[in-house]
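Okay, so here's the structure we're looking at.
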Amino acid sequence: MRGMNKFGISLAITGLVLLAGCKDDKQAQTQGQDDSAAGGFPRGKSLYLAGSQWGDPSTFNPLAESWQAAWPVSDRFNLMYEPLINYNSQTGKFEPLLGTLVLSDADSIVVDINPTAKWSDGKPVVSTDVKFIFELGRRFKGAATGFAIEFISGINVDTVEANGAKVERLSFLVDKKGRNNPLVILDLLQAIRIVPSHVFEALLTANKNDLAEVQKLKIDSVPVVSGPYQLDSYSNEKIVIKRRADYWGNASLHQGKLPVPLFVIHPIYKSNDHFAIALQKGDIDASQTFIPRIWLKKKDKVQTWMDQAPYFVSGAMPILLINTTKAPLNSKLFRRAMAAAISYSSIKELAVSGYSPDIQPGLIMASSPLESKYFVAEDAKARGVLFNLDSAKALVAAAGVKSVFKADGTLDYMTDKAGKKLPTLTIKAPAGWSDWEATVTIAVKGLREAGIDVREGFVDAGLYWPALPAGDFDLIMHKPASAVTPSLPWSRFDAVMSSRNWKPIGGGSSMNENQGRYNSPKSKEYNSKVDSLLKVIPITADEVALKAAYAELNRIFMDDQPAIPLCYLPEQFYEFSVAHWTNWPSEKNPYGPAQLPMVSAGTNSLWQLQPVQ
Amino acid sequence: MSAIFEVENLSLHYLSRWGQKIHAVTDVSFSMKKGEILGIAGESGCGKSTLVNGLMGLFIPPLYPTSGDVRVNGESLMNRTPQDIRSNILSRKVSMIPQGAFNALNPTRKVKDIAADVIVAHLQKGGVTRKESYDLLRERFDLFGMDTERILNSFPIQLTAGERQRSVIGISTLLNPQMVIADEPTSALDVSTQKVVIKMIFDLLEKNIFSTMIFITHELPLLRHVADNIGIMYAGEFVEYGTAEQIVFDPRHPYTKALMGAMLSAEPGQREKKPVAIEGAPPSLAKIISGCRFAERCPSARPDCKLRSQAIRMVAGRQVRCEYAD
Amino acid sequence: MKLLRNLLKSPMFVIGAVLFFGTILFAIFAPFFIDLKTAMDRVGGQYLEPSGSFWLGTDDLGRDYVKLLLQGLRSSLYVGFLAGVLATTVGTLVGIYGGFKGGIIDDILNMFTNLFIVIPSFVVLILVSASLEQGRSLTIIALLIGATTWPWTARSVRAQASSLKSRDHISLARINGANTLQIIYKHILPYLASYVFMVFIMQVASGILSESAISMIGLGPMDNVSLGVILNQAKNAGALGDGIWWGIFPASIIITVIVFALFLINNSMEGVFNPRLRK
Amino acid sequence: MLKQYPTLRYILQRGVWYFLTFLVAIAINFILPRLGDRNPVDIMMAKASQGLSDEAVKEKRESFEKEFGLIEVTAEGKIIHDANGKTVKVSGFNQFLNYLKMTLSGDLGKSIQKYPKNVSDIIIEAVPWTLALQFPSILLGWIFGNVLGALAAYRRGVFDRVIFPMALFMSSVPFFVFGMVLVYWFAVVLGWFPAMEAYSGALNPSLSLEFIGSMGYHYVLPFFSIFLILAGGQAIGMRSMGIYELGTDYIKYAKWLGLKETKILSYLFRNAMLPQLTGLALSIGSMVGGALITEMIFSYPGLGMAMLTAIGSNDYTVIQGCTLLVTTSVLVANFSVDIMIGFLDPRVKAGMQMGGK
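Chains as they are written, first to last, in my numbering: chain A, 14 to 626; chain B, 7 to 332; chain C, 89 to 367; chain D, 431 to 787.
And the structure:
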């Protein structure tokens with residue numbers, strides 16, 4: 014026995030040493046950023062927000078591409094870096110931030126820079142900073158904001174007198190020869206966050222003017238920011254930002270108040286079900302992830318914008334995108350047949366936990382307060398297809414496709430006009446995305462009952478993403494224009510129907526919009542109306558004309574059915590817990606939009622939340 | 007001189023996993039005086055080894071005593087705790103030289119450590135340190151004219167079969183036991199090694215390290231020279247028990263006769279290890295046998311042999327388990 | 089026969105065999121009473137509690153868990169058996185051939201066996217499934233499991249075969265001019281049969297376990313439900329947090345019971361075949 | 431040449447074999463993910479190309495392809511274009527050579543999803559957690575299971591009749607099933623222990639008592655989910671081995687010699703443990719596999735989680751890095767156990783000498 018003991022003890026000691034070693038390791042990793050956290054983050058002063066960072070935080074560089082940057086530098090989060098203006102998805106209005114929107118027309122968009130806006134190093138935010146980021150694409154091809162120059166031909170700077178102070182006035186000129194699209198410029202103004210040019214010009218100089226080198230910097234040690242929070246510490250488990258007492262906006266935008274939470278902490282969870290558990294246990298205060306059966310969580314103080322179904326404010330529209338170049342999918346009758354064979358109510362109830370209102374035919378989100386004004390109910394009634402298996406079968410027959418059923422009543426295969434057997438169609442969707450998998454499963458069931466030979470084609474996400482722009486699919490799940498921006502619903506139509514960059518499938522061609530290759534400009538059936546409407550809408554100011562244009566576009570969509578909208582989902586699943594913080598914006602207390610207090614205008618609720626004593 | 011070792015009507019059985027009893031040894035009695043050497047012989051599977059395994063009062067499952075008694079110096083070994091047996095009997099009073107010494111040594115321990123374990127286990131606490139026990143060992147192993155240092159410092163696998171067997175004998179007799187049970191100590195050895203091993207055992211006897219011994223072997227001629235008394239076993243029973251002279255030159259039980267005939271006729275060196283020159287096989291011991299156990303194979307069996315079980319009776323000065331023997 | 093009688097005396101074997109064969113019979117014959125064609129159909133709301141009409145409730149897609157679990161059970165058994173048969177066949181052939189033939193071929197086979205034993209099979213599974221083009225089917229997963237677990241069979245069969253090789257009756261057969269195949273077929277396989285059967289039992293168990301583990305990490309079959317897929321879906325759909333025990337426990341219990349039954353059978357057989365354990 | 435140094439000879443022989451196995455493992459690691467015709471750059475471009483002009487996309491693609499060693503570059507690192515302005519693909523064999531060179535120098539490339547993060551950094555960050563989670567639970571489970579198994583073998587009787595079926599049952603429960611049951615019961619229903627993560631979200635890693643306490647509190651459920659199941663399996667194996675050893679001649683002889691029970695138990699344990707040691711090393715592979723799911727269930731930030739995230743997002747370079755690490759550690763574990771057994775069991779070395787191989 015003695016020999017064994019010795020052996021066991023030595024192994025145990027090895028284990029302890031390794032353990033100790035690992036702790037040292039972890040420490041080293043966060044050292045230098047971590048001075049305040051030695052005693053932990055007091056719950057009453059910390060706000061836990063989740064769902065925007067899934068992987069290890071790799072860089073906090075605002076020039077890095079959005080998919081690389083970590084929260085809150087990525088996406089449209091305004092906590093560290095801020096855009097010129099905020100878009101309030103509840104009111105559809107622009108709110109001032111680093112700048113104030115003065116005027117927007119077909120020629121230019123004019124913004125005054127807020128004269129009190131300051132960087133954390135005390136320098137004022139100036140037009141040079143704005144020009145730096147908006148025009149970076151002119152200097153470097155690899156700039157993440159490079160697409161801005163496709164829309165903006167130039168930025169004029171004037172100095173004007175406003176309320177007795179000198180103010181820099183910026184005019185963003187619409188590039189008439191280019192995309193000629195002031196709508197997208199508005200999108201850009203609320204999306205592109207301004208960075209301190211004096212910092213980054215210096216970095217560029219230090220790196221031989223090589224942007225790629227500068228993009229590799231992590232910028233994670235006391236970065237110069239303009240927003241209300243500053244990076245405190247981060248690890249693979251969470252990102253912590255800390256309130257800046259000297260944030261310029263406290264005085265100018267928030268009546269001198271400080272944001273209430275001292276720390277905003279973003280835990281990094283890897284799997285969907287963990288968000289639900291964390292929210293229930295009060296470990297996180299708000300999340301923007303899909304959590305099924307949210308009503309079961311009410312007892313655990315988890316709430317949403319609305320108290321009952323659909324619980325969330327719709328903003329995004331998952332669709333089934335169709336490869337319109339492939340027989341029999343190239344027949345609009347066949348596509349309409351498919352649209353009639355899918356039980357939207359089942360999808361709503363089972364796949365998305367009832368978080369969708371009843372959907373209407375067409376690409377305009379009828380239930381959205383921002384879009385409903387363009388929706389024409391009569392058109393939808395006259396032209397749209399609703400779930401109806403009999404009419405689906407009739408449309409299949411009308412498309413010249415014959416369904417062959419087996420003896421037991423299940424579908425065997427389809428034949429075309431010539432009697433030739435058609436191959437089974439598949440719906441491509443990323444495996445493991447549970448709500449999409451469920452949606453596809455429900456769709457397939459209805460389609461097969463209607464005699465349409467379709468199967469689920471769940472693939473690894475790594476195959477899904479490249480397949481989309483390449484057009485490598487029969488049918489594919491897709492969520493076009495998923496963020497609520499000023500350009501909706503135009504951007505959704507553009508993403509599904511535009512032939513602007515039409516390229517045939519194959520040979521490595523890729524399209525970032527209209528991946529179903531609808532409406533080829535080279536074909537005889539080319540409907541030029543679509544592209545001209547898409548061109549005209551952004552520069553139409555007249556509401557009546559705008560409504561007519563949208564109505565016409567939507568009619569074409571319903572007639573041609575290049576894609577099948579499946580349900581309306583929120584832009585973000587805004588769910589919050591009142592266990593530690595109260596006074597969240599909600600339907601009954603609608604002082605802000607249904608967004609987490611880190612996105613666009615949702616950020617303002619940071620000044621309104623109240624800690625639970 | 008009174009008997010130092012007595013076995014009285016000893017029966018032993020194995021308990022199988024399925025609860026089946028196998029009566030491997032039935033009703034064996036004998037007694038030994040100091041200095042006596044008892045030989046036990048019989049076909050393999052006759053229960054010789056089982057018998058000697060049951061003579062130390064330590065029953066290793068699945069072997070269990072059924073009935074009877076074993077006494078050392080008049081003290082019964084039955085119904086004593088294993089601790090008691092271990093500290094008072096084993097290695098000191100009765101010691102075992104097991105069959106197949108090839109595997110009897112712990113393969114991951116050096117010979118000296120195994121031997122030292124024995125000394126440490128039996129001497130009072132604080133009596134002997136491990137180091138002192140090594141010295142003791144060396145002394146004893148030197149007695150045998152062996153390559154002491156090498157052997158003691160070797161793992162069993164580094165030794166030859168003969169060296170291993172001699173080590174086992176050395177270890178078994180370390181504490182000068184009153185008596186030794188040697189279970190076929192020379193089987194599985196080549197002839198010249200056999201001789202060395204036998205010589206060692208007799209050296210030990212001569213040097214008075216022990217004096218009393220039960221010796222199990224196939225080598226009947228060897229028994230004739232060595233043993234004072236011989237017991238012949240068949241199917242778990244002693245069928246004949248007498249002096250070496252009586253058994254070897256004047257066997258009375260039909261089985262003993264057959265056995266002697268088979269063994270003594272063969273040329274030396276060509277003797278079969280399994281002395282089966284008799285047709286048929288012993289009966290299964292899983293069932294209770296009512297008649298004479300040898301009746302099936304007995305050349306002189308009579309019809310009523312299978313009906314009655316046989317009792318020991320005295321024939322020509324020795325015990326015989328056959329009512330018709332004369 | 090005697091063997092079977094001995095086995096039947098072991099309560100462990102009886103329990104294991106009843107559980108396992110009961111499960112198999114259920115998987116085979118239940119579809120005559122429970123219509124599996126509608127297993128994937130929605131029959132009610134999301135996660136309905138177990139009730140008279142749905143004994144085990146419904147899943148997140150409103151499907152009847154009884155049917156789903158039956159389908160999953162069939163898939164898991166299918167994977168287990170296919171993987172088990174493949175691993176046992178390949179392993180036995182390699183093991184017998186190597187163990188019996190010896191020489192350079194044995195050395196090479198042995199090297200491969202050891203190689204695949206030290207390279208964890210789940211690593212191979214992950215790497216291969218990550219590169220599968222046409223999606224992962226139940227059959228492909230079963231074949232992959234079988235293809236990575238055969239070395240365990242090969243190793244133990246080889247040891248047995250090489251100990252058999254030197255036995256008298258085989259040397260005799262060899263002297264009498266029997267060729268290798270004949271010897272293997274007539275003299276080695278019968279001796280090994282019970283042993284190979286035990287190995288097979290373990291391979292089936294490990295096949296079922298591997299499949300469920302692979303499905304749990306999201307690399308499961310895309311064309312069918314299995315018990316692992318059911319668990320993975322329930323976990324992804326947040327059944328754990330909502331206390332929906334019927335989404336987790338029935339499938340878990342079925343996997344555990346099958347594997348437990350197989351372990352029981354294997355261990356009781358080991359007790360009978362291994363004389364040391366039997367004593 | 432090394433005949434007079436059997437130990438050294440033995441170590442060298444094993445070492446060479448394991449090194450060859452390592453090379454094969456690298457080859458497998460290289461080939462398997464490349465069986466399908468997918469390319470890390472495609473996956474990266476699907477995200478990275480958004481909002482870029484066609485020309486910028488082409489340039490970006492080429493720079494990624496250069497970074498991942500898919501196209502030929504000049505000695506100065508410039509991308510080579512052919513007459514048509516197209517890039518020149520590196521042959522599969524040369525890619526393998528590069529991969530081999532990089533791997534042997536410890537460079538595992540860059541993550542696809544977390545670009546430009548190095549795979550080795552991801553692994554270095556994750557490994558301590560996996561070690562912290564698995565090492566104690568595997569080790570303690572192994573020891574506990576073996577002690578239990580040895581006792582069951584030695585005592586048999588009621589003890590065995592209770593322990594054995596329980597251990598058998600525990601060993602047939604999949605890791606993740608047990609983990610989920612623990613979460614459901616102790617975290618969701620009873621709320622005694624946290625359901626996930628390695629430490630409280632309110633803390634940053636430090637050496638404070640508070641943090642260590644939090645780590646311990648979060649460690650309870652994952653620890654038991656591995657510990658109990660592992661102990662079950664080990665107990666079964668040890669029991670078999672123990673019963674086998676119990677029947678051996680040397681144990682009987684030791685008993686007849688009157689050795690103390692503890693001494694005999696130590697003989698038994700030590701000798702029965704030798705094959706168990708090999709088993710420990712061999713099953714580290716499957717343990718890492720099983721514990722991978724444990725980390726997923728408990729959202730533990732270790733290697734399993736890193737691998738799982740990589741699988742979910744098709745981060746092949748990370749998957750490859752992780753699998754290579756797992757394979758390597760299994761090889762190292764096996765190698766060390768081989769060496770250890772070489773010292774502990776004289777039969778092994780002697781076998782080598784006698785076999786003359």
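Each residue gets a CB set at the ideal place from its N, CA and C atoms; glycine is no exception. No experiment lies behind these values; they were computed from the predicted model shown.
*Can you give me the start and stop residues for the beta strand (DSSP E) that A:Lys-179 sits inside?*
Segment 178-187, the beta strand (DSSP E) holding A:Lys-179.
*Within 8 angstroms, strictly: CB atoms of A:Ile-455 and A:Ser-356*: The answer is yes: Cβ separation under 8 angstroms.
_Buried/exposed call for C:Gly-326, threshold 16 Cβ in 10 Å_ = With 16 or more Cβ atoms within 10 Å of its Cβ, C:Gly-326 is classed as buried.
*Identify every run of the beta strand (DSSP E) within the segment 566-610 of chain A, keeping only runs that are complete inside it and at least 3 residues long; order them along the chain.*
Counting only runs of 3 or more, we get 576-578, 588-590.
*Going along the segment 285-307 of chain A in order, which residues come within less than 9 angstroms of chain D, judged by CB to CB distance?*
His-287, Ile-290, Ala-291, Gln-293, Lys-294, Asp-296, Ile-297: these are the residues of the segment 285-307 of chain A whose beta carbon lies less than 9 angstroms from some beta carbon of chain D, given in chain order.
*Write down every uninterrupted run of the alpha helix (DSSP H) in the segment 328-410 of chain A whose length is 4 residues or greater and which is fully enclosed by it, in chain order.*
You should have 345-353, 390-396.
*Between D:Pro-436, D:Arg-777, D:Phe-773, D:Leu-733, which lies nearest to D:Lys-558 when the distance is taken from Cα to Cα?*
The amino acid occupying residue 558 of chain D in the given sequence is Pro; Lys does not appear at that position. Closest by alpha carbon: D:Leu-733.
*Just tell me which of A:Val-612, A:Pro-128, A:Asp-403, A:Tyr-539 has its CA closest to the CA of A:Gly-177.*
Of the listed residues, the one whose Cα sits closest to A:Gly-177 is A:Pro-128.
*By the criterion of Cβ-Cβ separation under 8 angstroms, what are the contact partners of A:Gly-470 in chain D?*
When 8 angstroms is used as the limit between beta carbons, A:Gly-470 is near no residue of chain D, the shortest such separation being about 15 angstroms.
_D:Phe-594 vs D:Arg-700 beta-carbon contact at 8 angstroms_ = Not closer than 8 angstroms, so no.
*Answer yes or no: does any C-beta atom of chain A fall closer than 8 angstroms to that of D:Gly-499?*
So, not an interface residue.
*Hey, A:Gln-66 and A:His-279: beta-carbon distance below 8 angstroms or not?*
The beta carbons of A:Gln-66 and A:His-279 sit closer together than 8 angstroms.
*In chain order, what residues of the same chain lie with their CB nearer than 7 angstroms to the CB of D:Ile-666, ignoring the 5 residues before and after it?*
Non-local C-beta neighbours of D:Ile-666 in its own chain, meaning closer than 7 angstroms and more than five positions away in sequence, comprise Gly-579, Ala-597, Leu-598, Ser-601, ordered along the chain.
*Report the rounded CA-to-CA distance for D:Arg-591 versus C:Gly-359, giving the unit in angstroms.*
Cα to Cα, D:Arg-591 sits roughly 14 angstroms from C:Gly-359.
*How many Å lie between B:Lys-39 and B:Val-126 at the Cα?*
For the pair B:Lys-39 and B:Val-126, the Cα-to-Cα distance works out to about 30 angstroms.
_Which of helix, strand or coil DSSP assigns to A:His-287_ = Here A:His-287 carries a helix assignment [DSSP, helix/strand/coil].
*Please classify C:Ser-141: is it buried, with 16 or more other beta-carbons within 10 angstroms of its beta-carbon, or exposed?*
That one is exposed.
*Is C:Met-304 close to chain D, meaning its C-beta is less than 8 angstroms from at least one C-beta of that chain?*
For C:Met-304, the closest Cβ of chain D is nearer than 8 angstroms.
*Kindly confirm or deny that the segment 289-297 of chain C and the segment 124-131 of chain C touch, where touching means at least three C-beta pairs closer than 8 angstroms.*
Using a Cβ-Cβ distance cut-off of 8 angstroms, the segment 289-297 of chain C and the segment 124-131 of chain C are not in contact, since fewer than three pairs of beta carbons, one from each stretch, lie closer than that value.
*What is the DSSP secondary structure of A:Arg-15, counted as helix, strand or coil?*
At A:Arg-15, the pLDDT of 36 sits below 50, so the modelled position is not reliable; the number obtained from the coordinates is stated separately. In the structure shown, A:Arg-15 adopts helical secondary structure according to DSSP, grouped into three states.
*Can you say whether C:Ile-336 is buried or exposed, counting buried as having 16 or more other CB atoms within 10 angstroms of its CB?*
By the 10 Å Cβ count, C:Ile-336 comes out buried.
_Does chain A have any CB closer than 8 angstroms to the CB of D:Lys-547?_
D:Lys-547 has a beta carbon lying within less than 8 angstroms of a beta carbon in chain A.
*Which residues in the same chain have their Cβ closer than 8 angstroms to the Cβ of D:Gly-772, if we skip the five residues on either side of it in sequence?*
Here D:Gly-772 has Thr-437, Tyr-440, Ile-441, Arg-444, Val-778, Lys-779 as same chain residues with Cβ atoms under 8 angstroms from its own Cβ, once five neighbours each way along the sequence are excluded.
*Using a Cβ cut-off of 9 angstroms, pull out every chain D residue sitting near A:Lys-229, in sequence order please.*
Those are Pro-546, listed as they occur along chain D.
*asked:* What does the Cβ neighbour count give for A:Thr-324, buried or exposed, with the cut at 16 atoms within 10 Å?
replied: Position check: residue 324 of chain A holds Tyr in this sequence, whereas Thr was assumed. Burial call: buried.
*Flag this pair as yes or no: are the beta carbons of A:Asn-99 and A:Gln-243 separated by less than 8 angstroms?*
Against a cut-off of 8 angstroms, the Cβ pair of A:Gln-243 and A:Asn-99 comes out as no contact.
*In chain D, which residues lie with their C-beta within 8 angstroms of the C-beta of B:Ile-177?*
At a C-beta separation below 8 angstroms, B:Ile-177 has these neighbours in chain D: Leu-687.
_Please identify the residue among C:Asn-324, C:Asn-355, C:Ile-332, C:Ile-229 whose C-alpha is closest to the C-alpha of C:Ala-175._
Cα-wise, what sits closest to C:Ala-175 is C:Ile-229.
_Within 8 angstroms of any Cβ in chain C, is that where the Cβ of A:Thr-43 sits?_
Summary for A:Thr-43: the model assigns pLDDT 39, below 50, so the residue's position carries little reliability, and this model does not support an answer.
*How about B:Arg-319 and B:Tyr-247: are their beta carbons less than 8 angstroms apart?*
No; because the gap between Cβ atoms is not below 8 angstroms, this pair is not in contact.
*Beta carbon of A:Met-490 nearer than 8 angstroms to that of A:Pro-331*: Less than 8 angstroms divides the Cβ of A:Met-490 from the Cβ of A:Pro-331.
_Bridge-paired residues (DSSP) for B:Gly-248_ = Answer by DSSP bridge pairing, in chain order: B:Ile-236.
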